[in-house]
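Numbering (my numbering), first residue to last: 36 to 348.
C-beta atoms are modelled at their ideal positions from N, C-alpha and C, and glycine is treated no differently.
A quick note: this is a predicted structure, and the numbers were derived from the prediction, not measured.
The next block holds one structure in the form of structure tokens; read it before the comments.
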């Protein structure tokens with residue numbers, strides 16, 4: 036006979052609610068906000084204490100605003116998340132975080148993030164507000180439109196990159212913006228692919244838009260975007276203003292190609308990719324490759340110039 040007994044109600048305490056709220060804003064996904072560091076990295080300003088503090092502030096403010104969006108999204112998707120093998124364990128879907136408290140947390144984080152964003156620098160506040168508005172559009176509409184769902188996510192990454200420059204008053208190269216867009220599309224299509232693989236015939240029940248995608252189509256999109264990402268970065272490392280000032284920037288290209296190939300390997304061979312931030316946090320090889328790339332970029336921006344090593348010829 037079927038078991039018709041209701042599950043035992045969850046006992047909430049102040050500590051359990053605080054823990055649930057912290058989990059619901061997904062601290063691990065704060066790695067996505069590292070895009071705000073692109074401006075000072077590619078301007079060679081990592082040692083500039085003022086710019087670094089401004090970028091750190093931008094990072095935490097984006098983390099607050101993105102956390103508010105996660106809360107809203109999970110409230111709206113609570114019924115679908117209950118059908119997902121992993122998302123059903125999220126605080127809101129599982130009942131660990133009551134919906135009213137989630138809504139209050141959403142509003143509070145948005146007000147703090149946007150308000151302090153304008154305090155940091157008005158143009159940065161505009162960028163944060165634009166990001167928040169875009170994500171609201173995604174939660175209510177864009178995520179239900181094929182391709183636009185992935186492009187909306189990608190534009191969010193571009194806004195992070197631009198916002199990092201606005202927070203520090205550092206100009207952003209159009210090549211850097213294109214690289215950010217292509218990389219975000221690459222990760223976004225990879226995530227959609229993994230959702231199809233994990234959920235199989237139940238994919239459409241969890242996220243209706245997944246019925247509009249197929250593995251062959253996503254594989255083609257991933258391959259196209261991966262190639263364009265590598266080309267964009269390669270051209271940036273040779274033709275951009277930064278490349279003119281630091282002509283040996285091109286030596287970082289192999290590391291970018293390796294990292295893209297490594298991510299493809301993890302998606303296709305290991306079945307990862309459903310959450311790009313988790314891939315970064317789990318794969319030591321990818322972490323080492325990105326770490327070496329950061330160190331090499333830092334050395335090039337610190338010591339390389341058109342006249343550097345001229346006496347060696």
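Annotation: the continuous alpha helix (DSSP H) that includes residue 322 extends over 319-338. For the pair residue 258 and residue 91, the Cα-to-Cα distance works out to about 34 Å.
Contact between residue 127 and residue 134 holds, with the beta-carbon distance rounding to 7 Å and staying under 8 Å. About 7 Å separates the beta carbon of residue 205 from that of residue 86, a gap short enough to meet the 8 Å contact definition. According to the DSSP assignment, residue 115 belongs to the alpha helix (DSSP H) that extends over 113-116. Here the stretch 73-83 does not lie against the stretch 218-233, with fewer than 3 beta-carbon pairs under 8 Å apart.
For residue 280, the enclosing alpha helix (DSSP H) has its first and last residue at 276-280.
Distance between residue 123 and residue 81, taken at the CA atoms: about 40 Å.
Shown here for residue 260: same chain residues with a beta carbon closer than 8 Å to its own, the five before and five after excluded, namely 217, 220, 221, 224 in chain order. In this structure residue 62 is exposed. Its beta-carbon is surrounded by fewer than 16 other beta-carbon atoms within 10 angstroms. Three or more Cβ pairs drawn from the stretch 95-108 and the stretch 144-153 lie within less than 8 Å of each other, which places the two stretches in contact.
The Cβ atoms of residue 194 and residue 136 do not sit closer than 8 Å to each other.
With contacts defined as CB atoms closer than 8 Å, residue 201 and residue 159 qualify as a contacting pair. Sorting 273, 69, 305, 105 by C-alpha distance to the C-alpha of residue 232 places 305 at the top. Residue state for residue 130 is assigned as coil, using DSSP reduced to three classes.
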